[in-house]
Amino acid sequence: MNLSKIDLNLFVVFDTIYTTGNLTRAAEILCITQPAVSNALARLRDTFNDPLFVRTGQGMMPTPMAQNIVGSVRDALQLLRRSVQEGEQFVPETADRLYRLSMGDLIEAMLLPSLFRRAQSAAPRVCLQVFQVQRQELAREMAAGRLDFALDIPTLADPQLLHTPLLEDRYVCAIRRDHPLVDGELTLEQFLRLEHIHVSSRRSGMGYVDAALNQLGERRHIALRMQHHLMAPDIVRQSDLALSLPYTLARQFDLQLFELPFAVAPLELHLYWHKSADHDQANQWMRNLILQTG
553 MNLSKIDLNL
563 FVVFDTIYTT
573 GNLTRAAEIL
583 CITQPAVSNA
593 LARLRDTFND
603 PLFVRTGQGM
613 MPTPMAQNIV
623 GSVRDALQLL
633 RRSVQEGEQF
643 VPETADRLYR
653 LSMGDLIEAM
663 LLPSLFRRAQ
673 SAAPRVCLQV
683 FQVQRQELAR
693 EMAAGRLDFA
703 LDIPTLADPQ
713 LLHTPLLEDR
723 YVCAIRRDHP
733 LVDGELTLEQ
743 FLRLEHIHVS
753 SRRSGMGYVD
763 AALNQLGERR
773 HIALRMQHHL
783 MAPDIVRQSD
793 LALSLPYTLA
803 RQFDLQLFEL
813 PFAVAPLELH
823 LYWHKSADHD
833 QANQWMRNLI
843 LQTG
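Residue numbering for the sequence shown follows this note's numbering, starting at 553 and increasing by one per position.
Shown next, in the form of structure tokens:
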């Protein structure tokens with residue numbers, strides 16, 4: 553195989569097809585037509601004398617040959633990207649850059665206002681786009697260039713992703729002022745007598761507080777299960793319900809705050825980014841800004 557006769561762009565197409573498992577999505581990411589992707593795949597098949605990808609009901613599945621070479625191909629592409637990135641100078645004051653971040657509404661409420669203020673002050677032309685990507689899709693979205701960062705709990709274990717601790721925050725209990733059932737220090741008995749709000753995007757399942765109570769052989773009464781953290785404090789202000797939430801968020805509202813009368817694991821958040829962007833100056837700048845905000 554004569555490397556000088558091979559179009560290196562074909563390996564970008566190979567990596568994108570491998571990542572997406574779909575020719576149409578690969579074309580969208582690469583900003584070329586699907587016939588162009590098909591043509592590139594045909595040339596790759598001729599080069600390697602192997603089908604590389606086989607069409608199935610689940611998408612384009614890689615052959616053993618494709619699985620064997622993908623690691624080396626990605627390493628080579630990463631070296632090329634790093635060479636380009638290290639040669640680019642990032643100047644925040646004049647940078648015209650869109651950053652895409654994945655985070656849930658809890659983290660959004662805790663960090664986004666401060667992060668946006670810092671970004672606008674240091675880099676007025678920088679824009680932020682925030683949405684939530686499913687955890688199993690994060691590595692794929694970052695590899696495809698559709699996502700720059702994810703702020704999430706430290707449960708992701710993907711070799712393509714790098715991460716660092718962002719913040720740790722304790723949980724407190726919030727109730728309305730002049731609540732009839734709590735006077736002074738909050739005891740475990742009082743906590744269990746209260747009716748509670750539980751915020752979760754899932755239909756069922758326990759949270760940090762429930763897991764801690766379960767270890768004590770206790771269980772709280774959840775009167776309201778809802779999806780969004782920012783609506784919950786307003787409901788607390790208008791009712792006798794209690795809400796357990798991170799202190800950083802709780803202190804933003806006019807509510808009575810109490811330390812929980814039992815041990816609860818703190819909320820831990822990590823910042824994730826793709827390893828191919830580790831040396832990118834623009835990525836490093838925003839990464840540091842996020843870490844300063846946390």
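A virtual CB, placed ideally from N, CA and C, is assigned to each residue, including glycine.
Ends of the alpha helix (DSSP H) at residue i?
i, result
"R652", "It is not in any alpha helix (DSSP H) - R652 instead sits in the beta strand (DSSP E) that spans 650 to 654."
"L843", "833 to 845"
"R771", "Segment: none, R771 is in no alpha helix (DSSP H) and carries neither H nor E."
Measuring straight from C-alpha to C-alpha, what distance separates residue i and residue j?
i, j, result
"Q742", "R649", "51 Å"
"H831", "I584", "27 Å"
"N625", "A702", "According to the sequence shown, residue 625 is Val rather than Asn. Each residue's alpha carbon lies about 25 Å from the other."
"E580", "T572", "11 Å"
"I558", "P711", "29 Å"
"P587", "Q688", "29 Å"
"E770", "V682", "38 Å"
"M758", "S752", "9 Å"
Check whether the Cβ atoms of residue i and residue j lie closer than 8 Å to each other.
i, j, result
"Y824", "D704", "yes"
"Q765", "R772", "Contrary to the premise, residue 765 reads as Leu rather than Gln in this sequence. Yes, Cβ-Cβ distance for L765 and R772 is below 8 Å."
"W613", "N574", "One detail in the question is off: residue 613 reads as Met in this sequence, not Trp. Cβ atoms of M613 and N574: not closer than 8 Å."
"L782", "A618", "no"
"L801", "I727", "no"
"Q833", "Q641", "yes"
"L776", "L793", "yes"
"L819", "D721", "yes"
"L795", "I749", "yes"
Go through its chain and collect everything with a Cβ distance to residue i's Cβ below 7 Å, but skip five positions before and after it.
i, result
"Q684", "S654, M655, G656"
"R698", "R652"
"L680", "Y651, L653, F668, A671"
Taking all protein chains shown into account, do 16 or more other C-beta atoms lie within 10 angstroms of the C-beta of residue i, making it buried, or fewer, making it exposed?
i, result
"P785", "buried"
"G846", "buried"
"H826", "buried"
"H780", "exposed"
"V598", "Before going further, note that residue 598 is Asp rather than Val in the sequence given. Flag for D598 reads exposed."
If you follow the beta strand (DSSP E) that residue i is part of, which residue opens it and which one closes it?
i, result
"E747", "747 to 751"
"L713", "713 to 721"
"A702", "701 to 704"
"S796", "794 to 798"
By Cβ distance below 8 Å, which residues in the same chain neighbour residue i in space, the five residues on each side in sequence not counted?
i, result
"P644", "A674, A675, V678, W837"
"N561", "A592"
Going along the chain, which residues of its own chain have a beta-carbon closer than 6 Å to the beta-carbon of residue i, five neighbours each way excluded?
i, result
"A578", "T568, I569, T572, V589"
"F810", "C725, L738"
"L718", "L821, H822, L823, G846"
"L713", "A691, Y824"
Consider the C-beta atom of residue i and the heavy atoms of the ligand ZN; say whether any pair is separated by less than 7 Å.
i, result
"A592", "Here there are no bound small molecules, and the ligand ZN is not part of this structure."
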